[in-house]
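K.L.:
Add 26 to a position in the sequence shown, counting from 1, and you land on the number used in our numbering.
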Amino acid sequence: MPPYAFFNGKFVPLSEAKIGIMTHAFNYGTAVFEGIRGNWREEQEQMYLFRVADHYQRLFKSCRVLKIEIPHTVDELSGLTVELAQRCGYREDIYIRPLAYKSSEEVGVRLHNLKDGFLLFATPFGPYLDVTKGAKCCVSSWRRIDDNMIPPRAKITGLYVNSALAKTEAFENGFAEGILLTQDGHVSEGSGENIFLVIDGTLVTPPSSDNILIGITRDTVIKLAKWELGIETTERSIDHSELYTADECFLTGTAAHVTPVTEIDHRKVGSGKVGEITKRLQDLYFDVILGKNKKYIDWCTPAYKLAKV
Ligand SMILES: Cc1ncc(COP(=O)(O)O)c(C=O)c1O
């Protein structure tokens, strides 16, 4: 089966889904996107798509910021996503990318009087960071872009230059990930992940007002911590130095899952090993995304019809 894309209102082979070089979004970063994981469960021969509707709710919010109209409902988009997964037929973990964009082939920086497009593609996607041993991170020299510059609560393609600068700086300095601070020096998030600290047995994470993308994995972890472990999460601004004194730290994201952070700026986090609460949350999370925990099965959409149950 060739990989397929949903492009200009229909499914086509991925190789045929092309945009022109004058496309507004390509020139000016005027697109919004999502990343949805399909988690392959070998023994059931099933692909579980995680929190699909929630990703589309967030996409619609991002669209409002960039004045993009999508001619579909959340339900229709969820159905198209399932169909795309079925058509592609991958038998490994995948990443599905919905993208809504300013599609006019016109020069001129603006959001108004432009046509909108929507597309969808899927690609095989294994682990993004080391979820087993954990990640060594640094505090980035790049600051997180502010809500009044380009709003990070909207997943805008152009905003990701900020993330790319931080990620490559971290990589070139020998770290797995960079942690960005806000303009006033508080912890914001990783280049593609939200961040949590464990302090005295409770979770602490930056609030939405500290220029984070309000992550779906973040929400999943907050709920699992409360409902399964009885651990509350405090959303508050975090000082730079709390990164060095926390008992545990982990990153959350569709790509990164729940990734333990074992070192920050050459300082061990806690013991320098994967933290106990982090591990418990990670185990719970992996069961949930693979459809193994019946309580949270509504978060998982089985994409393949002929699944062994
Ligand atoms: C900048 C940024 N923060 C946080 C996240 C985590 O969000 P989610 O858990 O919804 O994937 C992502 C990934 O999409 C991201 O790109």
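Heads up, the beta-carbon is just placed ideally off N, CA and C, and yes, glycines get one too.
All values reported here derive from a predicted model rather than from experimental measurement.
1) Using CA atoms only, rank isn't needed, just tell me which of GLU289, LEU146, GLU132 is closest to LYS299.
2) Three-state secondary structure (DSSP) at ILE171?
3) Given the structure, does GLU195 come close to ligand 1, in the sense that its CB is under 8 Å from one of the ligand's heavy atoms?
4) Please classify ALA111 as buried or exposed, where buried requires at least 16 neighbouring CB atoms within 10 angstroms.
5) Identify, in the order they occur along the chain, each residue of the same chain with its Cβ nearer than 8 Å to the Cβ of ASN199, setting aside the five sequence neighbours on each side.
6) Should the stretch 203–222 be called in touch with the stretch 177–192, which here means at least 3 C-beta pairs below 8 Å?
7) Going straight from the alpha carbon of LEU206 to that of ILE264, what length do you get?
8) Would you kindly check if the distance between the Cβ of PHE276 and the Cβ of GLY301 is under 9 Å?
9) For ligand 1, is there any heavy atom lying closer than 8 Å to the beta carbon of ALA2?
10) For the stretch 302–313 against the stretch 173–188, are there 3 or more C-beta pairs whose distance is under 8 Å?
11) Taking the beta strand (DSSP E) that THR72 falls in, what are its first and last residues?
12) Whole angstroms is fine: what's the gap from GLY64's alpha carbon to THR327's?
13) Checking 9 Å against the spacing of the C-beta atoms, do THR285 and VAL157 come in under that value?
14) What is the C-beta distance between TYR30 and CYS114, in whole angstroms, given that I count them as a contact (C-beta under 8 Å)?
15) So TYR121 and ALA161 are supposed to be a Cβ contact under 8 Å. How far apart are they, rounded?
16) By Cβ distance, which residues of its chain are closer than 6 Å to ALA282, with the 5 residues on each side in sequence left out?
17) Using only alpha-carbon positions, find the residue among GLN209, VAL287, TYR186, PHE52 that is nearest to ASP172.
18) In chain order, what residues of the same chain have a beta carbon less than 7 Å from the beta carbon of ALA79, not counting five sequence neighbours either side?
19) Tell me whether THR271 is buried or exposed, calling it buried when 16 or more other Cβ atoms sit within 10 Å of its Cβ.
20) So within the stretch 154–235, which uninterrupted beta strand (DSSP E) runs reach at least 3 residues, ignoring any that extend past its ends?
21) Can you determine whether any heavy atom of ligand 1 sits closer than 8 Å to the C-beta of ARG322, and answer yes or no?
22) If the criterion is Cβ atoms closer than 9 Å, does the pair VAL247 and LEU307 meet it?
23) Would you kindly report the start and end of the unbroken alpha helix (DSSP H) that includes PHE52?
24) Bridge partners for HIS283 per DSSP, in chain order?
25) Touching or not, the stretch 52–64 and the stretch 121–130, by the rule of three or more beta carbon pairs under 8 Å?
26) Taking PHE151 as the reference, which of THR259, TYR116, LEU137, THR228 has the closest Cα?
27) Who pairs with TYR30 in a beta bridge, going by DSSP?
P.N.:
On the basis of the data shown:
1) Considering only alpha carbons, the answer is GLU289.
2) In this structure, ILE171 counts as coil in the three-state DSSP scheme.
3) no
4) buried
5) CYS164
6) yes
7) Cα-Cα distance, rounded: 12 Å.
8) yes
9) Nothing about residue 2 can be read from this structure; the chain reaches only from 27 to 335.
10) no
11) In the sequence as displayed, the identity of residue 72 is Gln instead of Thr. Where GLN72 is concerned, the enclosing beta strand (DSSP E) stretches over 72–76.
12) Approximately 9 Å between the Cα atoms of the pair.
13) yes
14) Indeed they touch by this definition, with Cβ atoms about 6 Å apart.
15) Not confirmed; about 19 Å, so no contact.
16) Excluding residues within five positions, the ones whose Cβ falls inside 6 Å are TYR154, LEU155, GLU219.
17) GLN209
18) The answer, listed in chain order, is VAL100, SER104.
19) Exposed.
20) 161–169, 203–207, 213–216, 220–225, 228–231
21) A small fix is needed here, since residue 322 is Tyr in this sequence, not Arg. TYR322 Cβ: outside cutoff for every heavy atom of ligand 1.
22) yes
23) 50–54
24) GLY279
25) Yes: the two stretches touch, three or more of their Cβ pairs being nearer than 8 Å.
26) TYR116
27) PRO39
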